[in-house]
Every structure is written in structure tokens, then in C-alpha cells.
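Structure first, commentary second.
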Ligand SMILES: [Zn+2]
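Numbering (my numbering), first residue to last: 35 to 139.
So, in C-alpha cells, the structure goes:
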């Protein structure tokens, strides 16, 4: 099976980011739409890392390093999360990457 390990890495690290956000802002929206937007936005900033795999495989240390290391990936997810959770897209027809770019200005 063909798998993008960048996607696996982001999904694997999302839980840590969600935990940090909950600590910082109890009112943050962490619904499925927002979390998928966060993952999508983070993934657009990471290079893809495709490999064949068995279902259930975990991301290896060397794959995390190939993507820039766990800390860097966490920071990318956190940046995406802080922007998206403060500006939930629910019902608003707007491209998330435009939103991220606007906020980065
Ligand atoms: Zn939401």
C-alpha cells in the first residue's frame, strides 16, 4: 500500500498539539472540520514522503528526521492550529491557505 508518511507523521503528532491547545485555550474549537483543516494546512507546508507500507505501520525516527524532525513538524502544526482555531472555517467559503497567508502578514 502506498502511504504518504508526512501525513502519518502529522496525524501522529496532532494529538500532542491538541493537548497543548486545550491547556492554553479551553474554548478552542477542536471539531473534526477544524482539525482536518489544521492537518491539511500543515501538510501543505511539508514535503510529501511516499513509501510502500503495511497498514498500521508507524512513522520511524528516520522518516521524522527526513521531514525536518519532530520539533519542526510540531511547530508547523501548532502554527496552523493557532490560526485556524481562532478563525474556524465552518460555513465560510474561504481557502485555508489564503487565510494562513493573510494572518502571516
Ligand atoms: Zn471547529
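Glycine is no exception: its CB is placed at the ideal position from the N, C-alpha and C atoms.
Residue 109 and residue 97 have their C-alpha atoms roughly 17 Å apart. Under DSSP, residue 86 forms a beta bridge with 36.
Between residue 80 and residue 47, the gap from beta carbon to beta carbon reaches 7 Å or more.
DSSP, reduced to helix, strand and coil, places residue 56 within a helical segment of the structure shown.
Counting C-beta pairs with one atom in each stretch, the stretch 111-127 and the stretch 68-75 have three or more that are closer than 8 Å, which means they touch. It is roughly 9 Å from the alpha-carbon of residue 88 to the alpha-carbon of residue 36.
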